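S.K.: So that we are looking at the same thing, I have put the structure below in structure tokens.
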Amino acid sequence: MNARIALSAITLSLCMGHAMAAANHDVHLTSGTAFSPNSIANVLVGDTITFINDAGGFHNAVSTDAAFPFRCAVDCGANGGGSGASWTAVVTVPATAAHKDIPFFCEVHGAALMSGVIHITNPVDVQSFEVD
Ligand SMILES: [Cu+2]
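Numbers 757 to 888, taken from the numbering used here, label the letters of the sequence shown in order.
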């Protein structure tokens, strides 16, 4: 049993390449019409995306994808419409978004002008095996 646990831990560390704890990905909304970065890669289910509007722009961040819907500005609820205030909003990637690319945009400036995409991958499934 001890051998099995040790090998599982080694396999895990080799496959994952990073800690299992959820990561956060900051996305800044600029004073112009951009998300920075506008392509967020290597996102895992359970990670958080933090949208930060601190450059004086009037924006929100919206996904209409049913796998990972959000509409955020001052909050991700009633105050999710555009706001020029300094605001921060955090969304957590749900299991329904695994292996998907989730597009998002700013309703104030429109998807053609101000948009981005979250690339959601998943870690290799944990495997273990017995060694006699
Ligand atoms: Cu905008």
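The C-beta atom is built at its ideal place from N, Cα and C for all residues, glycine as well.
Predicted, not measured: the structure shown is a model, and the values here were computed from it.
May I ask you to report which of helix, strand or coil DSSP gives Ala778?
M.R.: Note: Ala778 maps to coil in three-state DSSP.
S.K.: Between Thr715 and ligand 1, is the CB less than 7 angstroms from at least one heavy atom?
M.R.: Any property of residue 715 remains undetermined from this structure, which presents the chain solely from 757 to 888.
S.K.: Run the proximity test for Gly802: is its beta-carbon closer than 7 angstroms to any non-hydrogen atom belonging to ligand 1?
M.R.: no
S.K.: For Asp821, I'd like the list of residues in its chain whose CB is within less than 7 angstroms of its CB, leaving aside the five on either flank, ordered along the chain.
M.R.: Shown here for Asp821: same chain residues with a beta carbon closer than 7 angstroms to its own, the five before and five after excluded, namely Ile858, Pro859 in chain order.
S.K.: In terms of residues, what are the limits of the beta strand (DSSP E) holding His855?
M.R.: Neither: His855 is in no beta strand (DSSP E) and is coded neither H nor E.
S.K.: Would you give the residue range spanned by the beta strand (DSSP E) that Leu800 belongs to?
M.R.: 795 to 800
S.K.: Tell me which same chain residues have a C-beta within less than 6 angstroms of the C-beta of Phe794, skipping the five on either side of it?
M.R.: For clarity, residue 794 is Asn in the given sequence; the question names Phe instead. Answer for Asn794: Gly872, listed in chain order.
S.K.: Helix, strand or coil for Thr844 per DSSP?
M.R.: In this structure, Thr844 counts as strand in the three-state DSSP scheme.
S.K.: Helix, strand or coil: how does DSSP classify Gly812 here?
M.R.: Coil at Gly812, not helix or strand.
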